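These notes are about the structure you will find just below.
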Amino acid sequence: MLLQMSAIRGLDTLAEVQKQMDFHLDALFALRVRHNTLLLVTSRVPPEILSAIFRLCIMTYQERRDQQVFPSSSPINPYEWITLTHVCHRWREVALGDPTLWTDVYCVSRATLNLAIAFIGRSGPVPMHIEVTSSIKHQTTGAALLNGIWMALRDLSCVASLSLQVTDQELKELMDTTSSLAAPHLRFLEFKASPSDSHSGPVLSNLLAKLTAPVLSTLVIEFYPIYLATGCFPTTLTSLALVYKQLPRSPVLEIVNALSNLVMLQELSLIDVIAPQILLNPPVMPPVRTVITLPHLRTVEFTASPIASVYFLDHLDLPVDARIALTMQGPSSDDIVPLLLPPLFAKLTTKLDVSDPKQPIEFLRISYSELTFRKRQPPGVPKSAPAPEFILGLEDIQMEFDDCAILTDVIARLPIADVSNLNMYFDIMASEGPIRVLFQKLGNVEQMALDGYEGSITFDQVLYLLRCGLPKLRYLALESVDFQFDEDGDRPSDEDFIPALCNEFTVRKKGIAAVKEINISGCSSITQRDIELLKEAVDIVSWDGTGLMS
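Numbering-wise (the working numbering), the sequence shown opens with residue 132 and increments by one.
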């Protein structure tokens, strides 16, 4: 009996197993039908559509890499798109038959070297974009990577963009075996080294001397020493960026001589390149004996000591619509301010429209470390067009500006009388005296925005700004304004501020200085009740509702 029961249970188990097998076979058959249907569809996708899909995947990698904050922490695989070619044989054939898909080579490790070499072979005559980066963990393999890529290229005849992020020694070993470099299609060239690398002579200068690149337009050099002299850069350049940081800096005259023949230059960036200027006692600005004209230069960015900054600027004859970003850095003293004002005044008084009777500065932004002056555009220029700017950064300047002397001794002496848009970003709110002196020059301001760190301003100071002038003010913006704590450690209540602000608006409305619009954003202490009060005193009130979420 027990044996019979056991046999029955065994038959039931076999039946259950067979049932499960039949179920999975049916599912596998259905999957094959769906797979064959999908293959039928994918095999009919036109090759140009497939190539476009592959190309979008490549572009997605480039966008993701550009958005990475710390690229070395979680590197992105540049060749992920190749997995799509495994969908079917036809997709692989389309990819292999399109040389434009194999033009972006990223050689970042020994693991991708063979793949990068395969890309070079498949790209054919199509101009390539090549990037070689030494591995942080295996720096000694950088030379092998560079040599492997170089041997696969044979020459630079098919390279349109080349970025070498290798050490000075690796580059030197390569250049020792290279007599000349012909790159007829090269448009972008970038060299990057680590700031901590030791440098062995003019390796990069020798490379540029061997290079023949008739269409090279962009050159970027970071942390490599280079001997600056007339003719050291290709005359075809439209964009030049140099970053020295810890390297020895170059005198102003050497830099000017090196730039003198770059008449096609449109963008120039010199970060920590210009050497400090030695001053006599008493300080006197050195004479300017050579002025170079760069008629196409529209963007200039550089950092230097205060005197070296304006001394370099005096050597450049720039278009009136050029955008200049100048960061003065390093120790200085107040007695050099009179030397800085004339060159700054000269650059800020050049007009885009010579028939405009007003002074050219239309927008002024004042922050604790930067001043921005924006010029007025001529009539007929679209409002969306970028207006020329002069940005003056202050970095580690040890002038006596703690009493806001920068407002009275610098800004107030510049051509700001016709500024219509004023933006003030406070780290520490200026005292009333310098503000009064500044506002006496700003009688035509129509729009004013106040911004600052939390607790950097009191509401009495906001009211003072409205009372001390600005008769033409029509628009006020308060951005992220949270008021200072009082002596007892309590933050003043907006229940006092908003009624006082409304009263000020009412007083102005009775005269000819009515504020028509107020915009409030990022102010966590403003409430719906405050907004209702403001609407009784101002025609237009805009609020982002930040106070509702606090």
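Glycine included, each C-beta is placed from N, C-alpha and C at the ideal position. Just so you know, these numbers come straight off a predicted model, no measurement behind them.
TODO: Could you give the DSSP three-state label for PHE354: helix, strand or coil?
DONE: Start at 1 with the first residue of the sequence shown, and residue 354 comes out as number 223. Coil, per DSSP.
TODO: Throw me the rounded Cβ distance for the LEU347 and PRO365 pair, which I believe falls under 8 Å.
DONE: For this step, residue 347 is matched to residue 216 along the sequence shown. For this step, residue 365 is matched to residue 234 along the sequence shown. LEU347 to PRO365, Cβ: 5 Å. Contact.
Open item on the list: Can you confirm whether the stretch 561 to 569 touches the stretch 602 to 609 when touching is taken to mean that 3 or more C-beta pairs between the two stretches lie within less than 8 Å?
Closed with: no
- [ ] On a CA-only basis, which of PRO209, CYS188 and ARG223 is nearest THR685? Give me that one, please.
- [x] No answer is possible for residue 685: it lies beyond the span of the chain, which begins at 132 and ends at 681.
Task: Cβ contact check for the stretch 473 to 489 and the stretch 537 to 549: 3 or more pairs under 8 Å - done: yes
- [ ] Confirm, please, whether the CB-CB distance from ILE352 to PHE443 is below 8 Å.
- [x] In the sequence shown, the residue the question calls residue 443 occupies position 312. In the sequence shown, the residue the question calls residue 352 occupies position 221. No.
Open item on the list: Just verifying my parser: in three-state terms, what is the DSSP assignment at ARG420?
Closed with: Looking up residue 420 in the sequence shown gives position 289. Here ARG420 sits in coil by DSSP.
Open item on the list: If you measure between the beta carbons of PHE322 and LEU295, is that distance less than 8 Å?
Closed with: Position 191 of the sequence shown, counting from 1, holds the residue named residue 322. Position 164 of the sequence shown, counting from 1, holds the residue named residue 295. Contact flag set, yes.
Task: Close-in-space but distant-in-sequence residues of the same chain around LEU597 (CB under 6 Å, 5 per side omitted) - done: Within the sequence shown, numbered from 1, the residue matching residue 597 stands at position 466. Closer than 6 Å at Cβ, skipping near neighbours: GLU635.
- [ ] Report the rounded CA-to-CA distance for VAL638 versus ASP484, giving the unit in angstroms.
- [x] Taking the sequence shown and counting its residues from 1, the one referred to as residue 638 is at position 507. Taking the sequence shown and counting its residues from 1, the one referred to as residue 484 is at position 353. VAL638 and ASP484: Cα-Cα distance of roughly 38 Å.
TODO: Leaving out five residues on either side along the sequence, give the residues of the same chain with a beta carbon under 7 Å from the beta carbon of LEU471.
DONE: Locating residue 471 in the sequence shown gives position 340, counting from the first residue. Same-chain partners within the cutoff: PRO437 and VAL441.
- [ ] State yes or no: is the C-beta of TYR192 within less than 8 Å of the C-beta of ILE180?
- [x] Here residue 192 is taken as the residue at index 61 of the sequence shown, counted from 1. Here residue 180 is taken as the residue at index 49 of the sequence shown, counted from 1. Contact: no.
Task: MET555 versus PRO382 - alpha carbon distance - done: One-based indexing of the sequence shown puts residue 555 at position 424. One-based indexing of the sequence shown puts residue 382 at position 251. So the alpha carbons of these two residues sit roughly 35 Å apart.
TODO: In the DSSP assignment, find the beta strand (DSSP E) that holds GLY583 and state where it starts and stops.
DONE: As a working note, residue 583 is residue 452 in the sequence shown. Looking at the DSSP string, the run of the beta strand (DSSP E) that includes GLY583 is 578 to 583.
Task: Opening and closing residue of the beta strand (DSSP E) in which ASP235 lies - done: Counted from its first residue, the sequence shown places residue 235 at position 104. Here the beta strand (DSSP E) through ASP235 covers 235 to 238.
Open item on the list: Give me the DSSP bridge partner(s) of GLN296.
Closed with: For the purposes of this step, residue 296 is taken as the residue at position 165 of the sequence shown. Partner(s): THR264 and LYS323.
Open item on the list: Between which two residues does the beta strand (DSSP E) holding GLU493 run?
Closed with: Numbered from its first residue, the sequence shown carries residue 493 at position 362. Unbroken beta strand (DSSP E) run through GLU493: 492 to 497.
TODO: Could you tell me whether the stretch 410 to 421 touches the stretch 449 to 456, using the rule of 3 or more Cβ pairs below 8 Å?
DONE: no
Task: CA-to-CA distance, LEU553 to PHE185, given in whole angstroms - done: For the purposes of this step, residue 185 is taken as residue 54 along the sequence shown, with counting starting at 1. For the purposes of this step, residue 553 is taken as residue 422 along the sequence shown, with counting starting at 1. The alpha-carbon atoms of PHE185 and LEU553 are separated by roughly 49 Å.
Open item on the list: With H, G and I counted as helix, E and B as strand and the rest as coil, what does DSSP make of ARG454?
Closed with: Mapped onto the sequence shown, residue 454 falls at position 323. Reduced to three states, the DSSP call for ARG454 is strand.
Task: Where the beta strand (DSSP E) through PHE433 begins and ends - done: To locate residue 433, count along the sequence shown from 1; it is residue 302. Where PHE433 is concerned, the enclosing beta strand (DSSP E) stretches over 430 to 435.
TODO: Return helix, strand or coil for THR480, following the three-state DSSP convention.
DONE: The residue labelled residue 480 in the question sits at position 349 within the sequence shown. Coil, per DSSP.
Task: Exposure of PRO356, with buried meaning 16 or more beta-carbon neighbours within 10 Å - done: The residue given as residue 356 occupies position 225 in the sequence shown. Looking at its Cβ environment, which holds 16 or more other Cβ atoms inside 10 Å, PRO356 is buried.
TODO: Report the residue from VAL236, LEU156 and PRO630 whose alpha carbon sits nearest the alpha carbon of ALA249.
DONE: Locating residue 249 in the sequence shown gives position 118, counting from the first residue. Nearest option by C-alpha distance: VAL236.
Task: Of the residues LEU632, HIS166 and GLN460, the one placed nearest PHE433, counting alpha carbons only - done: Sequence index remark: in the sequence shown, residue 433 carries index 302 (1-based). Comparing Cα positions, the closest option is GLN460.
Open item on the list: Classify ILE405: buried if its beta carbon has 16 or more other beta carbons within 10 angstroms, exposed otherwise.
Closed with: Taking the sequence shown and counting its residues from 1, one reaches residue 405 at position 274. It is buried - the Cβ of ILE405 has at least 16 other Cβ atoms within 10 Å.
TODO: Determine the DSSP secondary structure at ASN552, reduced to helix, strand or coil.
DONE: As a working mapping, residue 552 is identified with position 421 in the sequence shown. Note: ASN552 maps to strand in three-state DSSP.
Task: Closest Cα partner of LEU302 within the set ILE455, PRO333 and THR458 - done: As a first step, residue 302 is located in the sequence shown; it is residue number 171 there, counting from the start. Checking every option, the nearest Cα to that of LEU302 belongs to PRO333.
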